[in-house]
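Accompanying notes for the structure given below.
Protein chains: 2
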Amino acid sequence: MTKIKCTVAYDGTLFHGYQVQPGKRTVQREIEAVLSRMHHGQLVKIAASGRTDAGVHAFGQVFHFETPLHIPEDRWTLALNSLLPNDIYVRQAEEVSEQFHARYDVKKKEYRYRLLTRPEPDLFRRAYTTHIKQPLDVDAMNLAAAAILGTHDFSCFCAANTDIKDKVRTIYYLSVRQEKDDETVIRIVGSGFLYQMVRIITGTLLDVGIYKITPDRVAEIIDGRDRQAASATAPPQGLTLWGVTY
Amino acid sequence: MTKIKCTVAYDGTLFHGYQVQPGKRTVQREIEAVLSRMHHGQLVKIAASGRTDAGVHAFGQVFHFETPLHIPEDRWTLALNSLLPNDIYVRQAEEVSEQFHARYDVKKKEYRYRLLTRPEPDLFRRAYTTHIKQPLDVDAMNLAAAAILGTHDFSCFCAANTDIKDKVRTIYYLSVRQEKDDETVIRIVGSGFLYQMVRIITGTLLDVGIYKITPDRVAEIIDGRDRQAASATAPPQGLTLWGVTY
Chain A
55 MTKIKCTVAY
65 DGTLFHGYQV
75 QPGKRTVQRE
85 IEAVLSRMHH
95 GQLVKIAASG
105 RTDAGVHAFG
115 QVFHFETPLH
125 IPEDRWTLAL
135 NSLLPNDIYV
145 RQAEEVSEQF
155 HARYDVKKKE
165 YRYRLLTRPE
175 PDLFRRAYTT
185 HIKQPLDVDA
195 MNLAAAAILG
205 THDFSCFCAA
215 NTDIKDKVRT
225 IYYLSVRQEK
235 DDETVIRIVG
245 SGFLYQMVRI
255 ITGTLLDVGI
265 YKITPDRVAE
275 IIDGRDRQAA
285 SATAPPQGLT
295 LWGVTY
Chain B
55 MTKIKCTVAY
65 DGTLFHGYQV
75 QPGKRTVQRE
85 IEAVLSRMHH
95 GQLVKIAASG
105 RTDAGVHAFG
115 QVFHFETPLH
125 IPEDRWTLAL
135 NSLLPNDIYV
145 RQAEEVSEQF
155 HARYDVKKKE
165 YRYRLLTRPE
175 PDLFRRAYTT
185 HIKQPLDVDA
195 MNLAAAAILG
205 THDFSCFCAA
215 NTDIKDKVRT
225 IYYLSVRQEK
235 DDETVIRIVG
245 SGFLYQMVRI
255 ITGTLLDVGI
265 YKITPDRVAE
275 IIDGRDRQAA
285 SATAPPQGLT
295 LWGVTY
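Residue numbers (the working numbering), protein chains in the order written: chain A, 55 to 300; chain B, 55 to 300.
Dropping the structure here:
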């Protein structure tokens, strides 16, 4: 058996998230269906770096699978892309050692969250940005971001419905930048992320950006470890899993 | 009765074009349904500057309608947008004289066609660009564009299935510009456009850009007045009706 690692982009708009759910169109289901077809109907399971929620996009999601087929690395991308629907695109495929695991070996993940910051909505970016009508104080948001950097128990930024016990994670990088006249992008790199963590951090930074809470308040929220103290979860469509490092 | 002129943007992806067709989701149908709802079920017809094909977008389509309601101009946009689906957005509404007609009074129309020019596709622009894998010779395309400028019988750039007899139109402006590392945009302004004219012009300019035909050839194609001599119709999703001048 050969182990293949794939880097995949997908547009989350028309998926019920990454993970297989009975009767739903999900990214995992579409990829496994194509792989099973390539393996003459034999079930092929894939393991990804983690799941993404409905509406969340990926530019550099990673998954692996094992195969008895002998196909050159660059032929895997061609074969998969010719069979996959046009909202999934395999950017790279490579052979990896049998020890590699797409989920357990993650060192860092990067997410980006795009905010459309202007009074009017934009139809053509509605699936890829979250529209914020008010102006945002980017400097205040970056002050707040500084408090999130480093290793903390991030219970305050974890959705309530999770079984995960250890909520300590490390945030290596977090920036808020105005990248166009009408677009502000949040970039965050961490050792790993709790359920809906990036969206709750985004919601909290947004509240700082519109002066609903002060930048200083964010350190207190982290120390308190209480989800109720943080802000509302930002919508999924602005979020993209940008890349995974091993 | 008051006549209202509206400027509307729509994402053509999920529409079967602009014009009402039985049993299909079209832009006209959605807008008329909302207007009829606002008029307590009374049928309200709209007249647009022209139709757009399935998959074609609009940033500045214009339509008008007549109403017995007394609503301030800026309230029309709020009322319509609160009821319209999220792939249609009324950018402006204004009262006009009863002589105004959105179709018959058109002086100029501008279309833009976005080309994604790089080897790899981009999932996130697939609904708004046409992907061209080969490099394009933009200078050659602009040479060809110069031959299209001015007043001509454009039979060569008109889809065969049309009833229109007079195929003389004036092109005021036509440019091909690389606007990003991986995006080239064709802008065209004319007195009016025949059925699929912009997409056939785009297809012809693309053939110039990849050296399939020479820039000189385009003047001959126009003179010949034969649709078969021009190139294939470019796909709809790269095209946007940018604006209409009265």
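Ideal Cβ positions, reconstructed from N, Cα and C, are used throughout, including at glycine.
Can you name the residues of chain B whose CB is closer than 7 Å to the CB of residue i?
i: A/Pro289; result: By Cβ distance, chain B contributes nothing, its closest Cβ being about 13 Å from A/Pro289, past 7 Å.
i: A/Gly175; result: A quick correction: the sequence has Pro, not Gly, at residue 175 of chain A. Chain B residues near A/Pro175: Tyr143.
i: A/Tyr300; result: The contacting residues do not exist; A/Tyr300 stays about 22 Å from chain B at best.
Run through chain B and tell me which residues come within less than 8 Å of residue i, C-beta to C-beta.
i: A/Phe117; result: Ordered by position in chain B, no residue passes the 8 Å Cβ test against A/Phe117, which lies about 16 Å from the chain.
i: A/Tyr182; result: Phe178
Give me, in chain order, the residues of the same chain whose beta-carbon lies closer than 6 Å to that of residue i; leave out the 5 immediate sequence neighbours on both sides.
i: B/Val144; result: Cys60, Val62, Thr131, Leu134, Asn135
i: B/Ser245; result: Arg223, Thr224
i: B/Gly297; result: Gly114, Glu164
i: A/Ile275; result: Cys210, Ala283, Ala284
i: A/Ala181; result: Thr67, Gln291
i: A/Pro175; result: His185
Could you pull the DSSP bridge partners for residue i from this structure?
i: A/His124; result: Answer by DSSP bridge pairing: none, since A/His124 is not bridged.
i: B/His185; result: B/Leu170
i: A/Gly204; result: A/Ile225
i: A/Ala112; result: A/Tyr64, A/Leu295
i: A/Arg231; result: A/Val239
i: B/Glu164; result: B/Val243, B/Gly297
i: B/Glu149; result: B/Ile58
Can you tell me whether DSSP reads residue i as helix, strand or coil?
i: B/Phe117; result: strand
i: B/Ile100; result: coil
i: A/Ile267; result: coil
i: A/Leu293; result: strand
i: B/Thr258; result: helix
i: A/Cys60; result: strand
i: B/Gly278; result: helix
i: A/Ile240; result: strand
i: B/Val144; result: strand
i: B/Arg105; result: coil
i: A/Ile85; result: helix
i: B/Val74; result: coil
i: B/Leu197; result: helix
i: A/Phe211; result: helix
i: B/Ala133; result: helix
i: B/Arg253; result: helix
Using the rule of at least 16 other Cβ atoms within 10 Å of the residue's Cβ for burial, across every protein chain shown, is residue i buried or exposed?
i: A/Gly77; result: exposed
i: B/Ser229; result: exposed
i: B/Leu293; result: buried
i: B/Ile255; result: buried
i: B/Ile202; result: buried
i: A/Arg231; result: exposed
i: B/Ala286; result: exposed
i: A/Met55; result: exposed
i: A/Tyr64; result: buried
i: B/Leu260; result: buried
i: A/Ser103; result: buried
i: B/Tyr265; result: exposed
i: B/Ile200; result: Note on identity: in this sequence residue 200 of chain B is Ala, with Ile being the wrong assignment. That one is exposed.
i: A/Ala112; result: buried
i: A/Ala301; result: The requested residue 301 of chain A does not occur in the structure, where chain A is confined to residues 55 to 300.
i: A/His94; result: exposed
i: A/His124; result: exposed
i: A/Arg91; result: exposed
i: A/Asp235; result: exposed
i: B/Gly204; result: exposed
i: A/Pro126; result: exposed
i: B/Gly257; result: buried
i: B/Ala198; result: buried
Check the Cβ of residue i against every Cβ in chain A and list those closer than 7 Å, keeping chain order.
i: B/Ala63; result: Leu177
Against residue i, what residues of chain A qualify as contacts under a CB-to-CB distance less than 9 Å, listed in chain order?
i: B/Asn140; result: Pro175, Leu177, Arg180
Might you give, ordered along the chain, the residues of its own chain that have their beta carbon closer than 8 Å to the beta carbon of residue i, omitting 5 neighbours on each side?
i: B/Arg79; result: Leu68, Phe69, His70
i: B/Val192; result: Val230, Arg231, Gln232, Thr238, Gly263
i: B/Ile218; result: Cys212, Leu248, Tyr249
i: B/Pro173; result: Lys187
i: A/Asp141; result: Tyr64, Asp65, Thr67, Leu68, Phe69
i: A/His155; result: Ala101, His118
i: B/Arg157; result: Ala101, Ala102, Ser103, Gly104
So, for residue i: in the same chain, excluding its five sequence neighbours on each side, which residues have a beta-carbon less than 7 Å away from its beta-carbon?
i: B/Lys221; result: Asp207, Phe208, Ser209, Cys212, Leu248
i: B/Val74; result: Thr80, Gln82, Arg83
i: A/Arg179; result: Leu170
Answer with yes or no whether the minimum CB distance from residue i to chain D is below 8 Å.
i: A/Ala133; result: In the displayed structure, chain D is absent; the protein chains listed are A and B.
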